[in-house]
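Taking it in order: structure first as structure tokens, then the write-up.
Numbering (the working numbering), first residue to last: 4 to 144.
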């Protein structure tokens, strides 16, 4: 047995070192990374200006919705048989102009008839926050 004694002491020393390493205090968990807060839920792609003078985001979104309806009706009036009218929400900007007026600018496409050919247009709309109506629409085809 004397020839296995150095191996046994080496093995015991190694075992003691491993156990001592396991018994040490663990490293602290990593600090969480700071992530910027997500933007508020709005219509996808729509750019809203920062509301001023007590105008809520809901009022600005109502302006955008009202303007989209009036613009779609204007296209249908000019082209009585449009195949489809689509607004591009990623190209819509809603900005407060005065305490009672909001401006909505955007783009869309439509089919002037039953053909497959589409036409692009741009629009600017003025929405009155007090009356909750569209005051003016200007379109460029």
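Ideal Cβ positions, reconstructed from N, Cα and C, are used throughout, including at glycine.
query	result
Span of the beta strand (DSSP E) around residue 67	Unbroken run through residue 67 is the alpha helix (DSSP H), 60-81; no beta strand (DSSP E).
Chain-order list of residues whose beta-carbon lies under 7 Å from that of residue 100 (same chain, five-residue window excluded)	106
Bounding residues of the beta strand (DSSP E) (the contiguous stretch that carries residue 117)	From DSSP, residue 117 is part of no beta strand (DSSP E); its letter is neither H nor E.
Test item: CB-CB of residue 67 and residue 95 under 8 Å	yes
Given 8 Å, three or more beta-carbon pairs between the stretch 131-139 and the stretch 76-94	no
Nearest-angstrom Cα separation, counted from residue 70 out to residue 125	12 Å
Residue range of the unbroken beta strand (DSSP E) whose run includes residue 138	136-143
Secondary structure of residue 133, DSSP reduced to three states	coil
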